[in-house]
Amino acid sequence: MIHLLGFSQLHSDQGQSFLALYDEGDICIFTDAGLMLASTLPLRGPGYCLQHPTLDMPASDLPTLDHNAMLDLLAEHGPCTSWY
353 MIHLLGFSQL
363 HSDQGQSFLA
373 LYDEGDICIF
383 TDAGLMLAST
393 LPLRGPGYCL
403 QHPTLDMPAS
413 DLPTLDHNAM
423 LDLLAEHGPC
433 TSWY
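The opening residue of the sequence shown carries number 353 in our numbering; numbering runs sequentially from there.
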């Protein structure tokens, strides 16, 4: 599964719900407020930062995706859950 992460707090209700569904091998795409999680979330699979037109990208070793690359990833890997 692909998780599009747009929230910034893992200890929030939303963060806890995400962690309950997050499985080994799942893909995380960090966007909007979720970019703040990119350097702190222990990944269980691949992770990417989605380019944003106005937000600075986080200090992270994760590769950056543009929106076209994200759509290709979604088409290739299937189900996606959006967390905002």
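Even for Gly, the Cβ is constructed at its ideal location relative to N, Cα and C.
What you are looking at is a predicted structure, and each value in this text was computed from that prediction instead of being measured.
Near residue i, which residues of its chain fall below 6 Å by C-beta distance, leaving aside the five closest residues on each side in sequence?
i      : result
Met388 : Ser360
Leu417 : Tyr400 and Leu402
Decide if residue i is buried, meaning its Cβ has at least 16 other Cβ atoms within 10 Å, or exposed.
i      : result
Gly430 : exposed
Leu373 : exposed
Thr383 : buried
Leaving out five residues on either side along the sequence, give the residues of the same chain with a beta carbon under 7 Å from the beta carbon of residue i.
i      : result
Trp435 : His355, Leu356, Leu357, Gly358, Phe359, Gln366 and Phe370
Between the options, which has its C-alpha nearest residue i's C-alpha?
i      : options                           : result
Leu407 : Asn420, Ala385 and Pro394         : Ala385
His404 : Leu395, Asp378 and Met422         : Met422
Glu428 : Ala411, Thr416, Asp413 and Ile379 : Ile379
Terminal residues of the continuous beta strand (DSSP E) containing residue i?
i      : result
Gly399 : Gly399 to Leu402
Leu357 : Ile354 to Leu357
Hey, could you find the ends of the alpha helix (DSSP H) residue i is sitting in?
i      : result
His419 : His419 to His429
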